[in-house]
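**Q** Sharing a structure here in structure tokens format.
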Amino acid sequence: MSAERETTGGREGEREVKDASMLLQKEMIAGHFTALSRAKEEGKKVVYTFVPGNLTELLHAFDVLPLYPEINALQSGMRKKSGGYILEAERLGHSEDVCAYVKSDIGMLRAGNVGPTGEKLPPPDLLLLSYTGCFTFMKWFELLKREYDCPVAMLHVPYQGDGEFTDEMRKYVVDQLRSEVIPKLEQVTGKKLDEAKLEEALAKSSVAEDDLVWVLESAKNKPSPIDAYFGGVYYIGPIFTAFRGTDAAVEYYKTLRSEVQVRLDQRLGPITPDGPLTNERYRLVVEGPPSWPSFQEFWKMFSGEGAVVVASSYTKVGGFYDHGFRHDPKRPLESLADYCAGCYTNLNLPSRIEILARYVREYQADGLLINSVKSCNSFSAGQLMILREVEERTGVPGGFIETDLVDPRYFSAANVKNRLESYLQMIEQKRKSPGAPRGPSGAAGGGSSGPRRLEVLP
Amino acid sequence: MHEDSSSGSPGATPRLSAVIARCEALYHDVDLRTVHDWRAARGGRKVVGYMPIYVPRELIDAAGMLPVGIMGGRGQVEIIRGDAWFQSYICQIPRSTIELALTGRLDVLDGMLFPSICDVIRNLSGMWKVKFPGKYVRYFDVPQNYEPEVGGRFYREELRHLYADLRRLSGTTEDADETLRRSIARYNENRRVIGELLELRAKEPWRVPTYESYLVLFAGNVLPVEEHTALVREYIAAALESDRPRRDNARVVLTGAFCEQPPIELIRTLELAGCYVVSDDTALGRRWPTEDVSTEGDPLLALATGFLRHSPPTAARYEPHGDRGEPLVTLVKKQRAEGVVLAAPSFCDPALLEQPILQDTLDAARVPWTAFKYAENLGQFQVIREQAGTFADSIKLWSEP
Ligand code: SF4
Ligand code: SF4
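Line order of the protein sequences matches chains A and B. Each position in the first sequence, counted from 1, maps to that position plus 1 in the numbering used here. Each position in the second sequence, counted from 1, maps to that position plus 1 in the numbering used here.
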């Protein structure tokens, strides 16, 4: 199979190179938004819910369509509409200080709730408040509850404060699925839970999950055939929200996997907005979400320097598979509970440090770069400590950039570029300094001589 | 404009002044000298700190240790290292708390509890685990599901774990249930006298300025419960004796200050600007739950039930019925308040995200409100004073027949 498919598009005169999977995912996502826009006329129920630890398989078992307000917000960001929406929300009394995802969503709602494909999004029949990894979710749906006359199902997923998901916590989540979430879905759809359908969806998830993990781990190779951050959020990961548990997702990941296999065989780097990356110079681990309104620009800053992200935490926000978790049709509700609890932002800081340090080592990264976003306390609070700890444990330098997810006021391109370049220079210097590990991309571990850290803080 | 009261406690008797002076000293004691003294006097008994809003202090007390509320730096701690730990867009309380710890002021604590309130305090629990490995650290979760068989069962388990940990930490061998029942009784009594104090304030706010009631409640962060109960009683008795003029102030509810505490000068500023604060959510954990916890049967179940049934409404708790605005309007009516001051710490997502809801509901109920942000280390009060003064004046103007 051919690894690449070339199309002409993007800005005038520019050639964009895309993998088949990239086009496929675009079609699938567009198809989902179209289905959403027709939901009411086709008699389909719509459930708004959140990405982290989402219950997509359960929703499929009820044949309802999930809609993720966070995805609306990020799509608004990518289409450069979030800035206006945020201002509108602030005009309505929302504080400048709070999570901009919420404000972007509220602004979009006020502007007619038109989704990324230009089609109007349906109101929810149920707000499924899957309260995992972020306190803001609760406030977000309190705000939406006032906008829509529909029931709310609250699913409280305990935080793994002590680094474990205990039997009691699991039971608590399963009990809520049984006593709160499933009955509300039954009430809204007028159907009983189809257990066989749920199990089938879980089995499909697990197949796709194996392929997803294989794809993400392919970045351990040199050169890496994928970019596990920009590529990770653009076409590798997003498919995992509304489609998990479907044949389409199984097929998609199979396609993606074979594509990546071809790239591996041919020792090709990832496709970037600048075309295929042929000169992998830096291998980075990135912690934190990207900045959606400047996504391409941000990515190009990396690809222009030959920097490839080999592992990222943001692609583990939906769910975390590194410790071997897979959805399991033999223990349906328990495995949904485990999935909910395991998403990256529901893990405590010691676990996050451990994961990032492990990524640096296992993916032979040259450094850890944190993109700290103003919006998200769940991610950001504690990141400065994470940076220091990972540096200390791995010996690789850390870098720190501050932007926002969707608020363009907090993305200063010149500043970000500057910091990134200085950071990469520092990695370069560290390689040259005596005692630093050798190799074309540098290697993790080893000497702590040379410049240790980029001072970016006031 | 309203006439200024002089500083200190106007109209206070020597008895009242003595109580307030003691509370002020405790408030300013960021080095926790009182706690060191308590410990020294008891042969080095252990101490466990906790952050806002709520932890069941009964468990710490029953395990034979002193629960100590760590409510940020109160603007009295110069932030030198804290800023290197938190980005500029995160509220003040975690940075002052870490500053307190890094400067050794929390060394007296053997453990620290981080209640479930928001992502910042949640993540701070992990920072503590990494930076202070010798201490007992726990993120303390509370249920957002209020069904006894679901959230109640989970919460009882959380309590059981915590209590077992705390008993291990203190090394106590006393009867677990019996000591816990006794602690519950002591805290019930404490909450009852606090309730009396706050009722008196709502009824006769000129007798009980919030500047004082706040200090009296704050003292409960560091005093053993029975000592604090005695202090509250002493204050009530002294306040009743004192003769203070009744002013034509506006009765307001202050809300949004449940975590990072407003500087005490800010509370005084509101009062000087012509507001009687007849209800507020500062030091909310001291009045949680709002009714007695049963001292019969399984004490852990009793605490869990108390939480499910009698938790005050606040931003960090899910409101299964209705929305967050309704309890506020109910409170306004109950306290016969004439307006609401929506105060929120800068960058506080829980408080700020719900402000539009609260504002809409207040508008619909025709309750006047004003809103501002603060930080615990705010040093200038002029703007707030003017805002609060105008607010109080407008309330008085429109409420006149
Ligand atoms: S705070 Fe973070 S996790 Fe929560 S809604 Fe905002 S961006 Fe998402
Ligand atoms: S002040 Fe608000 S944001 Fe800050 S720790 Fe407290 S609840 Fe969280």
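Each residue gets a CB set at the ideal place from its N, CA and C atoms; glycine is no exception.
#1: Measure the CB-CB distance between L278/A and S314/A and report whether it falls below 9 Å.
#2: Report the rounded CA-to-CA distance for A1/A versus V374/A, giving the unit in angstroms.
#3: For F133/B, go through chain E and note every residue whose CB falls closer than 8 Å to its CB, in chain order.
#4: Return no unless some Cβ of chain A is closer than 9 Å to the Cβ of R325/B.
#5: Please report the residue range of the beta strand (DSSP E) in which T256/B lies.
#6: Show which residues of chain B have a CB atom less than 7 Å away from the CB atom of R410/A.
#7: Using only the alpha-carbon positions, how far apart do G32/A and R80/A sit?
#8: Looking at the strands, I want to know which residues DSSP matches up with E327/B.
#9: Is there at least one non-hydrogen atom of ligand 2 closer than 8 Å to the beta-carbon of A352/B?
#10: Suppose the cutoff is 7 Å on Cβ atoms and the five residues either side in sequence are ignored; what does the same chain contact list for Q356/B look like?
#11: Is the stretch 305-320 of chain A in contact with the stretch 115-131 of chain A, if contact means three or more CB pairs nearer than 8 Å?
#12: Determine the extent of the alpha helix (DSSP H) in which A1/B is found, giving its start and end residues.
#13: Go ahead and pull the three-state DSSP assignment for E261/B.
#14: Tell me whether the stretch 219-231 of chain A and the stretch 262-275 of chain A touch, counting them as touching only if at least three CB pairs, one residue from each stretch, are closer than 8 Å.
#15: Please classify P144/B as buried or exposed, where buried requires at least 16 other C-beta atoms within 10 Å of its C-beta.
#16: Taking the beta carbon of V384/B as the centre, do at least 16 other beta carbons fall within 10 Å, making it buried, or is it exposed?
#17: So is the beta-carbon of T137/A under 8 Å away from any non-hydrogen atom of ligand 1?
#18: Compute the minimum distance between the beta carbon of C276/B and the heavy atoms of ligand 1, and state whether it is under 8 Å.
#19: Can you check DSSP and say which residues form a bridge with A239/B?
#20: Buried or exposed for T8/A, going by 16 or more other Cβ atoms inside 10 Å?
#21: Check whether the Cβ of Y102/A sits closer than 8 Å to any heavy atom of ligand 1, and report yes or no.
#22: With 9 Å set as the bound, which would you pick, yes or no: does the beta-carbon of E355/B sit closer than that to a beta-carbon of chain A?
#23: Can you tell me the Cα-Cα spacing of E158/B and D142/B, whole angstroms?
#24: Using 9 Å as the limit for Cβ to Cβ distance, is Y140/B near chain A?
#25: For a test of the three-state rule: what should DSSP assign to D323/A, helix, strand or coil?
#26: Along the chain, which unbroken stretches of the alpha helix (DSSP H) at least 4 residues long are found entirely within the stretch 144-227 of chain A?
#27: Could you give the first and the last residue of the continuous alpha helix (DSSP H) run that contains I396/B?
#28: Run down chain B in chain order and give the residues with a C-beta less than 9 Å from the C-beta of I354/A.
#29: Closer than 9 Å, CB to CB, is Y90/B near chain A or not?
#30: Tell me the residue span of the beta strand (DSSP E) that contains V1/B.
#31: Contact between the stretch 113-121 of chain A and the stretch 41-51 of chain A: three or more CB pairs below 8 Å?
#32: Nearer than 8 Å: is that true of the beta carbon of D211/A relative to any heavy atom of ligand 1?
#33: Listing by chain order, which chain B residues have their CB less than 8 Å from the CB of K375/A?
#34: Okay, do the stretch 316-325 of chain B and the stretch 289-299 of chain B touch, 3+ Cβ pairs below 8 Å being the bar?
#35: Give the list of continuous alpha helix (DSSP H) stretches no shorter than 4 residues that lie fully inside the stretch 26-75 of chain A.
#36: Using only alpha-carbon positions, find the residue among G135/B, K335/B, A220/B that is nearest to E234/B.
**A** Once the coordinates are examined:
#1: no
#2: The structure shown does not extend to residue 1/A, since chain A is modelled only from 2 to 459, so the question has no answer here.
#3: Protein chains A and B are contained in the structure displayed, whereas chain E is not.
#4: yes
#5: 251-256
#6: Chain B residues near R410/A: none, gap ~12 Å exceeds 7 Å.
#7: 18 Å
#8: Its beta-bridge partners do not exist; DSSP assigns none.
#9: yes
#10: L343, A345, A372
#11: no
#12: Residue 1/B falls outside the range modelled here, since chain B spans only 2 to 402, and no answer is possible.
#13: coil
#14: yes
#15: buried
#16: exposed
#17: yes
#18: no
#19: Answer by DSSP bridge pairing: none, since A239/B is not bridged.
#20: Any answer about T8/A is weak, because its pLDDT of 41 lies below 50 and its placement is not dependable; what the coordinates show is given next. With fewer than 16 other Cβ atoms within 10 Å, it is exposed.
#21: yes
#22: yes
#23: 11 Å
#24: yes
#25: coil
#26: 168-177, 183-190, 196-218
#27: 383-400
#28: G127, V131
#29: yes
#30: The shown model of chain B, from 2 to 402, leaves out residue 1/B, and the question about it has no answer.
#31: no
#32: no
#33: Q88, Y90
#34: no
#35: 57-62
#36: According to the sequence displayed, residue 234/B carries Arg and not Glu. Closest option to R234/B, Cα to Cα, is A220/B.
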